[in-house]
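Asker: Pasting in a structure now, in structure tokens, and then I'll have a few things to ask.
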Amino acid sequence: MGRDDEDRMLGNMKIVWTAVVAVLLAVAAGVTILTLRGGGELEAGFVAEGSSGKEMTHEVEVQLPIGTVRLSSGAPIEEIAAGRVGKDEDGSLRAVGGSKIVPVAWSFRPTLSYDDLLGYPTTFSLAVTAGGERTDLGEPDVDLHEAAGSGLFPEASFIVVVAGDGDDLGFEVSYEDETQRVDMASGQVEAGRAASLYPDGPQTLGTDEDCDARRTPDSTTRIEYVDAGRGSIYCRVDPLTRTPYLPDLGWAEDGRTWSVVDVTVTAPRSVRWIPTGARYRVRRDPVVVSLGAAEAVRTPRSGADGEAARTGTWVFDSAADDTDETDETLHVAAPMTATRSAGTTAGPAAIRFGVDQTFHLQR
39 MGRDDEDRML GNMKIVWTAV VAVLLAVAAG VTILTLRGGG ELEAGFVAEG
89 SSGKEMTHEV EVQLPIGTVR LSSGAPIEEI AAGRVGKDED GSLRAVGGSK
139 IVPVAWSFRP TLSYDDLLGY PTTFSLAVTA GGERTDLGEP DVDLHEAAGS
189 GLFPEASFIV VVAGDGDDLG FEVSYEDETQ RVDMASGQVE AGRAASLYPD
239 GPQTLGTDED CDARRTPDST TRIEYVDAGR GSIYCRVDPL TRTPYLPDLG
289 WAEDGRTWSV VDVTVTAPRS VRWIPTGARY RVRRDPVVVS LGAAEAVRTP
339 RSGADGEAAR TGTWVFDSAA DDTDETDETL HVAAPMTATR SAGTTAGPAA
389 IRFGVDQTFH LQR
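Under this note's numbering, think of the first position of the sequence shown as 39, with each following residue one higher.
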């Protein structure tokens, strides 16, 4: 076999494999590939994987709790080469019945980290609307593990035949029973309960200072004489995240959003008073976290032994309007008391310390 023959065989194999992959992607996304009407005519509702080969004219980004869907569309056309819609023949195909052919495409990129996305549903649905009719594009399912390993995320291009002239082309993007509607010509998005995701996805707010668990109400220096040994007296407040959707709580009500913050406060069960070497037993009261006037809808559970949780996630139902300053302050209280062991009078009888801080949240 000559070199030319080998090249032709490899080329044919690539064509066959590309066709197989295209069909598998369409089937996996739930897209129904419609057959052509006889005589090379295309009716409204026809969908096929493919591209017009022309530049897209409109682009809109839709924010989901898990990432960003970028939608694009091209100018409506009346005919297209048969090969561009998967038909193995020469010539062109025409839209009939007052319909138009429109090239569309979508791509997805996550806005949360791989670890943060675990537990979230990863399926969303897409549809094209025009002329009062709706055409499904299927339900892409994001494989987070594969995407994280390869760095490649879902995307697809379609040729869709829509009713009317296509000037009113829109998209519907649905996630967990919440549908956002997009007008491609104006770029406007009717976000509904997803409104607080705009413009750039879930919002993250930091604190204006570090959390300090070694503060004392009566003295700023007494805690310096306390030795925690192999343990640590420590506090951490992670950035607060505002999102309208959580897997266990679902969508927040209109005009509301979930505010999520992780807080950790640690201290050993006993400490040593350095000047005398006396041991002190540490009593740790529950950690209390509040966010302005927002209502806490989920707090960490106590441990198996009934001891108050020292670390965990607090979730608040807060206003979605970020101009409401009542939810811009976070307060953490975690009082602790080190009590001198019985049988000794060396050192103070008790040392009070812990967290009692108000943080101002900032972008």
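Cβ atoms here follow ideal geometry from the backbone N, Cα and C, with glycine treated the same way.
Taking the Cβ atom as the reference point for each residue, do Ala82 and Gly124 lie within a distance shorter than 8 Å?
Answerer: Not in contact: Ala82 and Gly124 (Cβ atoms no closer than 8 Å).
Asker: Taking three-plus beta-carbon pairs below 8 Å as touching, is the stretch 227 to 244 in contact with the stretch 158 to 177?
Answerer: No, they do not touch.
Asker: Please return the same chain residues whose Cβ sits closer than 8 Å to the Cβ of Asp250, not counting the five positions on each side in sequence.
Answerer: So the list reads Cys273, Val393, Gln395, once near-sequence residues are dropped.
Asker: By how many angstroms is the C-alpha of Arg336 removed from the C-alpha of Tyr318?
Answerer: So the alpha carbons of these two residues sit roughly 33 Å apart.
Asker: Since Pro103 and Tyr158 should fall inside the 8 Å C-beta cutoff, what is the C-beta to C-beta distance between them, to a whole number of angstroms?
Answerer: Confirmed, Cβ separation roughly 7 Å.
Asker: Label His398 either buried or exposed according to how many other C-beta atoms from any shown protein chain fall within 10 Å of its C-beta, with 16 as the threshold for buried.
Answerer: Its Cβ having fewer than 16 others within 10 Å, His398 is exposed.
Asker: Run through the DSSP bridge pairs and tell me what Gly244 is partnered with.
Answerer: Paired residue(s): Gln400.
Asker: Thinking C-alpha only, which one of Asp203, His96, Gly187 is nearest Glu116?
Answerer: Here the closest residue by C-alpha is Asp203.
Asker: State the Cα-Cα distance for the pair Gly208 and Ala168, rounded to the nearest angstrom.
Answerer: Between Gly208 and Ala168, the C-alpha separation is close to 6 Å.
Asker: Could you please give the first and the last residue of the uninterrupted alpha helix (DSSP H) stretch that includes Asp215?
Answerer: That residue, Asp215, is in no alpha helix (DSSP H); it is neither H nor E in DSSP.
Asker: Whole angstroms is fine: what's the gap from Glu247's alpha carbon to Val275's?
Answerer: Their Cα atoms are separated by approximately 10 Å.
Asker: With a 10 Å radius around its C-beta and 16 neighbouring C-beta atoms as the bar for buried, classify Arg75 as buried or exposed.
Answerer: Bear in mind that a pLDDT of 47 at Arg75, under 50, signals an unreliable position, so the model cannot answer this.
Asker: Do Met222 and Ala143 count as a contact pair if the criterion is CB distance below 8 Å?
Answerer: No, these two residues do not count as a Cβ contact at 8 Å.
Asker: Under the three-state reduction of DSSP, which class applies to Tyr236: helix, strand or coil?
Answerer: Looking at Tyr236 - three-state DSSP - the assignment turns out to be coil, as it is neither helix nor strand.
Asker: Using 8 Å as the threshold, is the C-beta distance between Trp289 and Glu216 below it?
Answerer: For Trp289 and Glu216, yes; Cβs fall inside 8 Å.
Asker: Can you have a look at Ala188 and say buried or exposed, based on whether 16 or more other CB atoms are within 10 angstroms of its CB?
Answerer: Checking the displayed sequence, the identity of residue 188 turns out to be Ser instead of Ala. Ser188 comes out exposed.
Asker: How big is the Cα-Cα spacing for Ala305 and Ala376?
Answerer: Approximately 10 Å, taken between the alpha carbons.
Asker: How should Tyr236 be labelled, buried or exposed, when 16 other C-beta atoms within 10 angstroms of its C-beta is the threshold for buried?
Answerer: Classification of Tyr236: exposed, given that the 10 Å Cβ count is below 16.
Asker: Using alpha carbons as the reference points, say which of Val309, Ala331, Ala380 lies closest to Phe391.
Answerer: Taking only the C-alpha atoms, the option nearest Phe391 is Val309.
Asker: Counting C-beta neighbours from all protein chains within 10 Å, is the total for Ile312 16 or more, i.e. buried, or is it exposed?
Answerer: Classification for Ile312: exposed.
Asker: Do you know whose CA, among Ile139, Asp181, Pro141, Asp206, lies nearest Arg423's CA?
Answerer: Past the boundaries of the shown model lies residue 423; the chain is included only from 39 to 401, so the question cannot be answered.
Asker: Using the rule of at least 16 other Cβ atoms within 10 Å of the residue's Cβ for burial, across every protein chain shown, is Ser130 buried or exposed?
Answerer: By the 10 Å Cβ count, Ser130 comes out exposed.
Asker: Anyone know if the C-beta pair for Arg284 and Leu329 falls short of 8 Å?
Answerer: It is worth fixing the name first, because residue 284 is Leu in this sequence and not Arg. Contact flag unset, no.
Asker: Going by alpha carbons, who is nearest to Leu164 out of Leu156, Leu155, Val198?
Answerer: For the residues Leu156, Leu155, Val198, the minimum Cα distance to Leu164 belongs to Val198.
Asker: Check whether the Cβ atoms of Val107 and Gly225 sit closer than 8 Å, and answer yes or no.
Answerer: Result no, Cβ atoms of Val107 and Gly225 do not sit closer than 8 Å.
Asker: Please classify Leu150: does DSSP put it in a helix, a strand, or coil?
Answerer: Coil.
Asker: Which one of Ile389, Tyr263, Trp352, Asp359 has the shortest CA to CA distance from Pro373?
Answerer: Comparing Cα-Cα distances from Pro373 to each of Ile389, Tyr263, Trp352, Asp359, the minimum goes to Ile389.
Asker: Skipping 5 residues on each side, what residues in its chain have a beta carbon closer than 6 Å to that of Ala120?
Answerer: Answer for Ala120: Glu127, Gly129, Leu131, listed in chain order.
Asker: Figure out for me which residue from Thr279, Tyr263, Thr245 has the closest Cα to the Cα of Phe354.
Answerer: Taking only the C-alpha atoms, the option nearest Phe354 is Thr279.
Asker: CB Arg122 to CB Ser89, shorter than 8 Å?
Answerer: The answer is yes: Cβ separation under 8 Å.
Asker: Would you mind working out which of Thr382, Val299, Val301 sits nearest Gly315, comparing C-alpha positions?
Answerer: Answer by Cα proximity: Thr382.
Asker: Ile261 and Arg268: beta carbons closer than 8 Å?
Answerer: No, the Cβ-Cβ distance between Ile261 and Arg268 is not below 8 Å.
Asker: Is DSSP giving Tyr283 helix, strand or coil here?
Answerer: In the structure shown, Tyr283 sits in a strand (DSSP, three-state: E or B).
Asker: Candidates Val166, Val303, Thr281: which alpha carbon is nearest Gly105's?
Answerer: With distances taken between Cα atoms, Gly105 lies closest to Thr281.
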